[in-house]
Structure formats: C-alpha cells, structure tokens
Amino acid sequence: MLDLLQAVILPEHVVEARDIVSPVHESRSAERIITTNDEVMQWIWETWDDPRLANVEIITFVTAVHVRQISEERLHTCFRGTHASSSAILRVLFDLVAYFSQYPLDIDDGLSLLMKCSLYILHLLKLEVIRTGPDIIRQRADLCKTLLFVFVLVGSSSIVFRVQRVLLEVFTLFDPKCLEIAAKMAVEDTIGFLNCLNNFLGRDHDLEDIPACLIALNFCTLLRRAHAPDLDVALSRSWAYLLPPILENLLHMPRASMAPTLSSLLFLVSAGTLEHRPQLSSRQNETLWSAALRCGPSDLLVVAGIAVYIVSQDRVDLHSRQYGCRVWDMLRDALFLVLRHRFLDDHEPLGLLTASVICTATEILLRRLDSPFIIASPWTSTLRRELKSLISTQAHEEDHYRRILQIRARESVTHLLSTIEDSGNSLPDEPRVHLDQLEKCMLGSVVSFRMSECVIVIPIAAPKDSGRE
Numbered sequence: 363m364l365d366l367l368q369a370v371i372l373p374e375h376v377v378e379a380r381d382i383v384s385p386v387h388e389s390r391s392a393e394r395i396i397t398t399n400d401e402v403m404q405w406i407w408e409t410w411d412d413p414r415l416a417n418v419e420i421i422t423f424v425t426a427v428h429v430r431q432i433s434e435e436r437l438h439t440c441f442r443g444t445h446a447s448s449s450a451i452l453r454v455l456f457d458l459v460a461y462f463s464q465y466p467l468d469i470d471d472g473l474s475l476l477m478k479c480s481l482y483i484l485h486l487l488k489l490e491v492i493r494t495g496p497d498i499i500r501q502r503a504d505l506c507k508t509l510l511f512v513f514v515l516v517g518s519s520s521i522v523f524r525v526q527r528v529l530l531e532v533f534t535l536f537d538p539k540c541l542e543i544a545a546k547m548a549v550e551d552t553i554g555f556l557n558c559l560n561n562f563l564g565r566d567h568d569l570e571d572i573p574a575c576l577i578a579l580n581f582c583t584l585l586r587r588a589h590a591p592d593l594d595v596a597l598s599r600s601w602a603y604l605l606p607p608i609l610e611n612l613l614h615m616p617r618a619s620m621a622p623t624l625s626s627l628l629f630l631v632s633a634g635t636l637e638h639r640p641q642l643s644s645r646q647n648e649t650l651w652s653a654a655l656r657c658g659p660s661d662l663l664v665v666a667g668i669a670v671y672i673v674s675q676d677r678v679d680l681h682s683r684q685y686g687c688r689v690w691d692m693l694r695d696a697l698f699l700v701l702r703h704r705f706l707d708d709h710e711p712l713g714l715l716t717a718s719v720i721c722t723a724t725e726i727l728l729r730r731l732d733s734p735f736i737i738a739s740p741w742t743s744t745l746r747r748e749l750k751s752l753i754s755t756q757a758h759e760e761d762h763y764r765r766i767l768q769i770r771a772r773e774s775v776t777h778l779l780s781t782i783e784d785s786g787n788s789l790p791d792e793p794r795v796h797l798d799q800l801e802k803c804m805l806g807s808v809v810s811f812r813m814s815e816c817v818i819v820i821p822i823a824a825p826k827d828s829g830r831e
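Residue numbers 363 to 831, in this note's numbering, belong to the letters of the sequence shown in order.
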C-alpha cells in the first residue's frame, strides 16, 4: 500500500527533507484527494503509525502537504488529538531540523509549515494527548529535543519570533524530567546542539530589538531547568556576552520595553542552582533595583521577578538600606493589590500564581532589614489585618479568586504574618521556608505568560498540596 501511495504521489522520486519544506511539483488530483480529506489523513496516520516501515517517508510528505493546506484557524478542528497524529507531526519536525541544519530557512514554505506544526503540538500538549500511549516518555523527549533544535536553528530575525513565542509556550508544558532527557539527547546529537546554541545566543543582538533580547533571555531560563553540565557551561559563556550590555542599557529603555526585559532578566538570573547562576556586581544589582522601583508595584510581572530573585539568592545584595526599604514598600503594595483582587484580566491568574513567592520575599526582606520604621508603619498594620483576614475567614463559595488564593498562599501568608507579629523580638536573618526546598520547587515549575507581543517564562513555586506541577 505504501509503495502504491509512493507511486501515485511521487513516482520515480525519493522523498528528501527538502521535499517536506518545499514540494518539488504542483499537486496532482490524486494527491489532492488524499491530502485535503481529514478523515483519510487520520486513517493513514493510524494505519501506518510505525517509523520502521519501508517507504514511510511518503506519509511524512503527505502530512506536510496536508498541514500546509490548513489555515491556522482550522488547525485544531482538522486534527484529532491522537498519538498517531502527534507521531506524524514529529516526523515532519525531524525532517525540518535535518533541512534547517544544512540550508537557510525558506520563509515562504518552511516557516509556514513550522508554525502550524508548532501550534498543533501546543494544542496536543494542552489536551494532554502526548501523555498516554506506547513508549510515551521517549516520544515526549524526542519531540522536546527536536523542538530545541528547531528553536536555535531558525535564527533570531523578527519574522521567526512568532514561531519562537509558540515554542516557548510549548517548552513550559514539558515536565522537568522530560526537558532534562531531551537536553542530554540534544547535546549528544551529531548535528551539534551546543554549536547551534552558541551561534543563536552569541550572535550580535541589537539591544534596541527588545523581542530578540526577550526571546534569548526566556530561552535561557527554560534551559536552566535541564541540569545538563555541558549546557550550563555554554549558557555561562553566553551570559557573559548577553547580560552586561542589557543591564547597561536597561535604565535608558522606554517603560514599555523596560518592564518585560527586566522581568525576563530577573527570572533568568534566579533560575538554576546557586553554583551556576550569573553573579551580578554591586553596580548591576543597583541597576536592577533602580529599574524595578521605576516600574512600581502596579507592574505585577516586575514584582514577581523581584520576588523570585530575592527568594532565590543566598544573600540579597540590596546595595543600601534605602533601596531595601523602598523594595519592601513595593512588594507590600503589590501584595495589597493581589489580596484585594485589584489585578484583573490577564494579570489576575499571574497574581494567584505569584502571591506565595511575593509573601516569602516580603518575609525575607523584613528579616533582613529588621527596621523599626517598617514595623511601626500603619501600612504594615493594615497588611497584617489583610493577611489575618485571608487565613482566618472562609471565602464565599462563589468567590473563586479568594478560594484559590487561600489554597496557594496560605502557608507563606501564615509565615509572613508570624514574622510581622514576632517583629518586636530579635528576628533571625533566615526565612521560615527553607530556600533549598523552595528553589527546587521553583526549578520544577514554570509557566508562560503572554504580554502583548511577547511570552515571558516565569519560574513559580507551587504549593506543596497542589498536585501536578
């Protein structure tokens, strides 16, 4: 049957990676009958779902033709979420990687096909289709490894940013173990992932091209979860080149660009173990604090970045006591806004996700500063009442926001409240939450947050009883 399919669609022609990216001929009527029929394509995938079959390359070819003909709006309805369809898309991606590793990206054909494949994989992962089936761990790792190659091979021009934003979201849906296996497989691959990564991160990034900087920063944050020593070395070399100029220009950026760049930078320097994190100088720390304070407590993404940064550091370099008190005010005000449900729309789930780490960062600062002026402030008394109300008052059944907030932040809120109430005594300069445990939890949990035209990767500390990360 596969020989017959080969003879009908591509007579006297062996399917190569180039054919997947750009078809070698105009489609014939027999080909159109097959590739435009969703039911026929689903039957083909289910029937020949075995990469070991002879002439299976023709299945990859017709899959690519089929995907290319579907609009992005129809993509989710035309494809059933099955193991067979995901395997077919994976084989298309394999051939795209083989092509991109040898030839420059063809914008007209390759990018459109890659975008649609990426959107479909994102759809499957959200449906949790690629969680069941034979040899599922290997398939997920193969898929993740292939997408890692795709990400670094397509370059960093503005025309591929949309694909890379989708891929960033896809990567956050892989569990840490899968990403670790995929990264090790990629490093050992003959294509040379580390060289591709160095080329991607080491090229001259235009610092005024904010999307390019954000893509690079957020991809590095994701790779920090992989725990691959060779990868850590490559990333360290890239940071030495990428971070200083971004920090140097941070305060000169317009506000709209400063906030996503600062938050991405904070999440990156907070990710990974202390041993492999970038070490910032006192001047660079001062730049971070100055930029954060300029953004203010209403910018929740920056507040989350500052909180994660404070919690992840062994010792926080506040530069000066004045900066420390101003950062405390910023975190306190942001916490007020979260507790009182003032962040709405897209920022509402972000407030629920980051409430716990903001509480922990606030507690760390309170212990570190040990300031009688902070304790005596009426704003601190108001915060104490808000915290006590959250943990002592049962939320109304229809108040979903407060119920979720109580579940996610109860433990950290309790610790912060106890620290405030004990503040009359001498406080040890240690938080109640063990940093190693929280750091490990944060490494295991990341989310993607869409903000206008960018996707920010955020390490999040999940509550202990939250179940799946």
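From the three backbone atoms N, C-alpha and C, an ideal C-beta is built for every residue, glycine too.
In this text, all values refer to a predicted model and were calculated from it rather than measured experimentally.
Tell me which same chain residues have a C-beta within less than 7 Å of the C-beta of aspartate 381, skipping the five on either side of it? Against the sequence shown, residue 381 aligns to sequence position 19. In its chain, beyond the 5 residues on either side, Phe423 have a beta carbon closer than 7 Å to the beta carbon of aspartate 381.
Against chain D, does alanine 416 count as a neighbour if the rule is that its beta carbon must be under 8 Å from one of theirs? No chain D is part of this structure, which consists of one protein chain only.
Leaving out five residues before and five after methionine 692 in sequence, what residues of the same chain have Cβ atoms less than 8 Å from its Cβ? By one-based count along the sequence shown, residue 692 stands at place 330. Excluding positions up to five away in sequence, the list reads Ala654, Leu655, Gly658, Pro659, Val665 and Ile668.
Return the first residue and the last residue of the alpha helix (DSSP H) that proline 607 is part of. Position 245 of the sequence shown, counted from the start, is the residue given in the question as residue 607. The continuous alpha helix (DSSP H) containing proline 607 extends over residues 591-612.
Just reading off the alpha helix (DSSP H) that proline 622 is part of, what are its end residues? Residue 622 sits at position 260 when you count from the first residue of the sequence shown. Proline 622 -> alpha helix (DSSP H) spans 617-632.
Status (buried if at least 16 other CB within 10 Å, exposed otherwise) for serine 449: In the sequence shown, counting from the first residue as 1, residue 449 sits at position 87. With 16 or more Cβ atoms within 10 Å of its Cβ, serine 449 is classed as buried.
Distance, Cα to Cα, aspartate 791 vs arginine 730? Stepping through the sequence shown from its first residue, residue 791 is reached at position 429. Stepping through the sequence shown from its first residue, residue 730 is reached at position 368. Annotation note: pLDDT 47 at aspartate 791 (below 50); position unreliable, no value reported.
Starting from valine 512 and walking both ways along the alpha helix (DSSP H), at which residues does that stretch end? By 1-based counting over the sequence shown, the position of residue 512 is 150. Per DSSP, the unbroken alpha helix (DSSP H) holding valine 512 starts and ends at 498-515.
Residue span of the alpha helix (DSSP H) that contains proline 538, given as start and end: Counting from one through the sequence shown, the residue named residue 538 turns up at place 176. Proline 538: member of the alpha helix (DSSP H) spanning 538-550, first to last residue.
Looking only at its own chain, which residues have a Cβ that is under 7 Å from the Cβ of threonine 649, when we skip the five neighbours before and after it? Taking the sequence shown and counting its residues from 1, one reaches residue 649 at position 287. Answer for threonine 649: Leu609, Leu612 and Leu613, listed in chain order.
Does DSSP put arginine 812 in a helix, in a strand, or in coil? Here the question's residue 812 lines up with position 450 in the sequence shown. Secondary structure at arginine 812: strand, using DSSP grouped into helix, strand and coil.
By the three-class DSSP mapping on this structure, what secondary structure does proline 659 have? Start at 1 with the first residue of the sequence shown, and residue 659 comes out as number 297. DSSP places proline 659 outside both helix and strand once states are collapsed to three, so it counts as coil.
Which of the three DSSP states, helix, strand or coil, is assigned to valine 383? Within the sequence shown, the letter at position 21 stands for residue 383. In this structure, valine 383 counts as helix in the three-state DSSP scheme.
For valine 817, which three-state DSSP category applies? Taking the first residue of the sequence shown as position 1, residue 817 is located at position 455. Strand at valine 817.
Straight-line gap, glutamate 434 to histidine 485 (C-alpha atoms, nearest Å): The count along the sequence shown starts at 1 and reaches residue 434 at position 72. The count along the sequence shown starts at 1 and reaches residue 485 at position 123. Answer to the nearest angstrom: the Cα atoms are 12 Å apart.
Where arginine 502 falls, given that 16 or more other Cβ within 10 Å makes a residue buried: Locating residue 502 in the sequence shown gives position 140, counting from the first residue. Buried, because 16 or more other Cβ atoms sit within 10 Å of the Cβ of arginine 502.
Looking only at its chain, what residues have a beta carbon closer than 8 Å to the beta carbon of tyrosine 603, apart from the 5 residues adjacent to it on each side? By one-based count along the sequence shown, residue 603 stands at place 241. The residues are Leu563 and Gly564.
Close-in-space but distant-in-sequence residues of the same chain around leucine 727 (CB under 6 Å, 5 per side omitted): Here the question's residue 727 lines up with position 365 in the sequence shown. Excluding sequence neighbours, leucine 727 sits near Trp690.
Rounded to whole angstroms, what is the Cα-Cα separation between glutamine 675 and leucine 628? Here residue 675 corresponds to residue number 313 of the sequence shown, with the count starting at 1. Here residue 628 corresponds to residue number 266 of the sequence shown, with the count starting at 1. Taking the straight line from one Cα to the other gives about 11 Å.
Since serine 774 contacts threonine 722 with CB under 8 Å, what's their CB separation in whole angstroms? Position 412 of the sequence shown, counting from 1, holds the residue named residue 774. Position 360 of the sequence shown, counting from 1, holds the residue named residue 722. Yes, they are in contact, since the Cβ atoms of serine 774 and threonine 722 sit about 5 Å apart, within 8 Å.
Assuming valine 525 contacts cysteine 558 under a Cβ cut-off of 8 Å, what Cβ separation, rounded to an integer in Å, is found between them? Against the sequence shown, residue 525 aligns to sequence position 163. Against the sequence shown, residue 558 aligns to sequence position 196. With a Cβ gap of about 16 Å, valine 525 and cysteine 558 do not count as contacting.
Only counting the same chain, and skipping five residues up and downstream in sequence, which positions put a Cβ closer than 6 Å to that of leucine 505? As a working note, residue 505 is residue 143 in the sequence shown. If we look at leucine 505 and ignore the five residues flanking it on each side, its Cβ neighbours are Leu452.
Inter-residue Cα distance where the pair is serine 743 and aspartate 551: Numbered from its first residue, the sequence shown carries residue 743 at position 381. Numbered from its first residue, the sequence shown carries residue 551 at position 189. Roughly 58 Å between the two C-alpha positions.
When DSSP labels each residue in this structure, what does asparagine 557 get in the three-state scheme? The residue given as residue 557 occupies position 195 in the sequence shown. In the three-state scheme derived from DSSP, where H, G and I count as helix and E and B as strand, asparagine 557 is classed as helix.
For isoleucine 498, count the other beta carbons within 10 Å of its own beta carbon; 16 or more makes it buried, fewer makes it exposed. Which is it? Position 136 of the sequence shown holds residue 498. Isoleucine 498 is exposed by the Cβ-count criterion.
Can you check which of these residues, Ile820, Ala460 and Leu437, is closest to glycine 839 by C-alpha distance? With the chain represented from 363 up to 831, any question about residue 839 goes unanswered, as that position is not in the structure.
Please return the same chain residues whose Cβ sits closer than 7 Å to the Cβ of leucine 579, not counting the five positions on each side in sequence. In the sequence shown, the residue the question calls residue 579 occupies position 217. Annotation for leucine 579: Ser626, Leu627 and Leu630 place their beta carbon closer than 7 Å to its own, counting only its chain and skipping 5 residues before and after.
Mapping the DSSP letters down to three states, classify glutamine 646 as helix, strand or coil. Taking the sequence shown and counting its residues from 1, the one referred to as residue 646 is at position 284. The three-state reading of DSSP puts glutamine 646 in helix, counting H, G and I together.
Can you give me the start and stop residues for the alpha helix (DSSP H) that proline 734 sits inside? In the sequence shown, counting from the first residue as 1, residue 734 sits at position 372. Element bounds for proline 734: 734-738.
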